[in-house]
Every structure is written in structure tokens, then in C-alpha cells.
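Each number in the numbering used here comes from the position in the sequence shown (counting from 1) with 1 added on.
Quick notes on the structure that follows.
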Amino acid sequence: MSGPESSAVADAGAVVAGDWHEWLARRREEFETALSAHLATLKVTMGSHSRLPDAVLYSLNVGGKRLRPILVLESCRVCGGTSAAAMPAAIAIELVHTFSLIHDDLPAMDDDDLRRGQPANHKAFGEALAILAGDYLVTHAFTLLASESFDPQVAPKLINALGSATQWMIEGQAADIESEGRPPQQELVQYIHRHKTAALLEACCRLGALSAGASGDTISAVARYGRHLGLAFQIADDLLDDHGSESLVGKRLGKDGAASKQTYPAAFGVEESGVQARREVEAALQVLDAFGSRADRLRDLVRYVIQRDR
2 MSGPESSAVA
12 DAGAVVAGDW
22 HEWLARRREE
32 FETALSAHLA
42 TLKVTMGSHS
52 RLPDAVLYSL
62 NVGGKRLRPI
72 LVLESCRVCG
82 GTSAAAMPAA
92 IAIELVHTFS
102 LIHDDLPAMD
112 DDDLRRGQPA
122 NHKAFGEALA
132 ILAGDYLVTH
142 AFTLLASESF
152 DPQVAPKLIN
162 ALGSATQWMI
172 EGQAADIESE
182 GRPPQQELVQ
192 YIHRHKTAAL
202 LEACCRLGAL
212 SAGASGDTIS
222 AVARYGRHLG
232 LAFQIADDLL
242 DDHGSESLVG
252 KRLGKDGAAS
262 KQTYPAAFGV
272 EESGVQARRE
282 VEAALQVLDA
292 FGSRADRLRD
302 LVRYVIQRDR
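Here you go:
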């Protein structure tokens with residue numbers, strides 16, 4: 002980040018840059034390899050009577066940080082599981098996340114022409130196919146969790162965790178849209194972002210822990226970490242929209258203020274938003290105390306999300 006929001010959150014803790022970024026790149030490559038293999042199979046099953054397969058693959062292949070699937074994989078590892086055990090859940094969470102981005106970009110929603118520096122799905126394929134691509138992705142995510150990849154006793158828990166988070170995300174998006182143009186309200190901002198952003202990141206941690214066969218207390222602990230991570234992420238995102246670089250972020254910035262959206266800077270101010278970001282980071286780190294050194298990458302991750310510039 003740059004500007005006033007940088008000083009507001011800079012003392013939240015430093016990431017060991019070289020080692021962390023190398024680790025993140027390896028985890029992203031691991032996920033991309035698995036996702037590509039899954040998509041190659043998926044395209045064969047979708048048929049060729051429309052451009053729907055192209056629209057689905059387009060948004061998944063545009064790239065991105067892949068923080069959500071990496072969080073699933075790392076949560077699983079911290080809870081004693083393996084990447085292989087959690088990979089289907091990691092793919093499922095990325096499918097849901099991509100569905101939300103496609104629909105968010107639509108003219109009836111946030112009306113964005115760019116996503117990650119590329120034309121948004123509806124600009125490349127038209128609104129109808131973009132809607133259908135999002136619909137396909139979210140339904141396929143649950144089909145994947147219900148497949149033979151998981152123990153029959155675990156699959157319903159995974160489906161419930163992802164389903165509940167998806168519902169919350171949609172509820173948050175609805176509140177976000179309906180509240181445009183209203184004076185900033187602190188309670189409403191917190192409601193929107195607890196639902197719209199934090200719920201899905203909390204679900205990442207739940208999915209990882211469930212994939213590892215973790216106990217109830219362990220699942221609850223990593224879920225609390227994910228909730229605090231999600232809120233820190235959203236505060237940082239709001240600050241980026243206010244002061245970030247469009248060339249780095251890859252989409253139009255300043256649109257939240259122009260639309261009088263409910264954001265942390267609008268409701269709390271830049272400096273207080275930084276205070277809240279630090280508070281969420283500290284709460285997330287405190288949850289991880291019980292996991293010792295094996296949770297170091299999760300510690301790095303929560304610091305990374307508020308220091309990122311895109």
C-alpha cells in the first residue's frame with residue numbers, strides 16, 4: 002500500500018519478504034497445476050453447443066492471488082492433513098469465489114469492465130453467458146464436494162460449511178447494493194463485510210480443517226482465525242480502493258466512494274480503519290498461539306493481506 006493507509010497498518014508486523022513470497026509462489030503453482038488438471042476434465046464433460054465452457058474457463062484462468070484455495074490447503078496442513086486431502090475443497094472455494102466475481106462485475110451489480118487487468122466476463126462474452134458461467138461455477142463447486150473425493154461422513158460437513166458461507170456472502174452483497182447512497186453507518190459496514198468477505202475466508206479454514214479430520218475445537222479455532230483474517234482483508238481492500246494504484250490492482254478504483262458505498266474509510270475514517278485492521282490482525286495471531294510454529298505461514302498470511310498493494 003501507499004499513502005495514509007500504509008502508516009495506519011504498517012506496525013501490524015513484517016513479513017519475511019523473500020521466503021514468504023517464494024513459499025506463496027510454490028503454493029500457487031501447486032494449486033494451479035491441480036486446477037488445470039480438473040478444468041481439462043471439466044471442459045470435456047461440458048459439451049460444445051455453446052460458448053459456456055469458454056466463459057467458465059476464461060474467468061478461472063485469468064489468474065489472481067489464489068489466497069482462498071491456498072488458505073484451505075494451509076489450514077489443512079496446520080491441522081495435520083495433506084494438500085492432496087484438501088485439494089478438491091480448495092478448488093471448490095475458488096469456483097465459488099470466481100462465481101462471485103463474475104456476478105459482482107455485472108452492470109446490475111458493481112458494473113466493472115475490468116477484472117485483474119482483463120475484460121470482465123460480461124465484456125468478453127455478454128451478460129447472459131456471464132450469468133450462466135457464474136451459475137455453473139457455484140453449482141459445480143457443490144457437485145465437487147459431493148463427489149467420491151471425500152469420506153461420506155465428511156462431505157456433508159464440507160457442503161454445509163461452503164453452503165452457509167455462500168449464503169452469507171450473497172446476503173452481504175444484497176445489503177451492499179441496497180445501502181448504496183445512504184450515509185455511512187458503522188454497524189451496517191460491519192454487517193456487510195462480515196457476511197460478504199469474512200464468511201468465505203472463514204469457510205476456507207473450516208474446509209481445510211475438515212479435510213484434515215480435525216476435532217471440533219480445532220475447527221472452531223481456525224475458523225475464528227479466518228474470520229479475523231477476512232475482516233482485515235476487507236479493511237485493506239477498502240483502503241486500496243481509496244488510495245491504491247489501478248495499474249497494480251487491475252481494476253477501476255475509487256468506485257466505492259463514487260457510488261457512496263458502505264466502506265470502512267467512509268464510516269470510520271482512514272486512521273481508525275487502520276486501527277481496526279491492526280486489531281483484526283492481532284486477534285488472528287492470538288488464535289494461532291495454540292498451534293505453535295506450524296502455523297507460521299498463517300501468521301505471514303494475515304500480515305500479508307494488509308500490506309499488499311493489489
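Glycine included, every Cβ here is placed at the ideal spot set by N, Cα and C.
Check for me: the alpha helix (DSSP H) holding residue i runs from which residue to which?
| i | result |
| --- | --- |
| glycine 135 | 128-146 |
| histidine 104 | 84-105 |
| histidine 196 | Taken as a continuous stretch (DSSP letters only), histidine 196 belongs to no alpha helix (DSSP H), as it is neither H nor E. |
| leucine 159 | 156-179 |
| glycine 275 | 271-288 |
Within its chain, find whatever has a CB closer than 7 Å to the CB of residue i; leave out the 5 residues flanking it on each side and keep chain order.
| i | result |
| --- | --- |
| isoleucine 103 | Ser60, Asn122, Ala131, Ala134 and Gly135 |
| glutamate 172 | His196 |
| methionine 170 | Ser101, His196, Lys197, Ala200 and Leu201 |
| arginine 27 | none |
| glycine 64 | Arg117 |
| glutamine 187 | Ala268 and Phe269 |
| alanine 166 | Ala200, Leu201, Glu203 and Ala204 |
| alanine 291 | Ala222 |
| isoleucine 160 | Phe143, Leu146 and Ala147 |
| glycine 119 | Here residue 119 is glutamine; the residue named in the question, glycine, does not match the sequence. Within the same chain, glutamine 119 has close Cβ partners Val63. |
| asparagine 58 | Reading off the sequence shown, one finds leucine at residue 58, where the question assumed asparagine. Hits under 7 Å: Leu40 and Lys44. |
| serine 150 | Pro89 |
| valine 155 | Leu211 |
| lysine 124 | Asp114 |
| glutamate 31 | Ser84 |
Helix, strand or coil, according to DSSP, for residue i in the structure here?
| i | result |
| --- | --- |
| arginine 116 | strand |
| lysine 66 | coil |
| arginine 309 | coil |
| methionine 47 | helix |
| glutamate 235 | One detail in the question is off: residue 235 reads as glutamine in this sequence, not glutamate. The answer is helix: DSSP assigns glutamine 235 an H, G or I state. |
| glutamate 149 | coil |
| cysteine 80 | coil |
| glutamine 187 | helix |
| arginine 312 | Because the chain spans 2 through 311 in this model, residue 312 falls outside it and cannot be assessed. |
| glutamine 121 | Reading off the sequence, residue 121 comes out as alanine, not glutamine. Alanine 121 falls in the coil class under three-state DSSP. |
| serine 60 | helix |
| serine 294 | helix |
| serine 37 | helix |
| proline 54 | helix |
| aspartate 242 | helix |
| threonine 219 | helix |
| alanine 109 | coil |
| glycine 214 | coil |
| glycine 227 | helix |
| threonine 264 | coil |
| glycine 182 | coil |
| leucine 249 | Note that leucine 249 scores a pLDDT of 46, beneath 50, so its modelled location is shaky and nothing firm can be said. |
Return the chain-ordered list of same chain residues with a C-beta closer than 6 Å to the C-beta of residue i, the five sequence neighbours on each side being excluded.
| i | result |
| --- | --- |
| isoleucine 71 | Arg28 |
| glycine 81 | Ala213 |
Return the chain-ordered list of same chain residues with a C-beta closer than 8 Å to the C-beta of residue i, the five sequence neighbours on each side being excluded.
| i | result |
| --- | --- |
| valine 288 | Ala222, Val223, Arg225, Tyr226 and His229 |
Can you find at least 3 beta carbon pairs, one from the segment 186-202 and one from the segment 232-240, that sit closer than 8 Å? Flag = yes, the segment 186-202 and the segment 232-240 touch.
Please confirm if the segment 101-120 is in contact with the segment 39-54, defined as three or more CB-CB distances below 8 Å between the two stretches. With a cut-off of 8 Å, the segment 39-54 and the segment 101-120 do not count as touching, because too few Cβ pairs lie within range.
Inter-stretch contact at 8 Å, needing at least 3 Cβ pairs: the segment 77-94 / the segment 212-232: Yes: at least three Cβ pairs fall under 8 Å.
Contact between the segment 218-226 and the segment 262-277 (3+ Cβ pairs under 8 Å): Between the segment 218-226 and the segment 262-277, the count of C-beta pairs closer than 8 Å stays below three; the two stretches do not touch.
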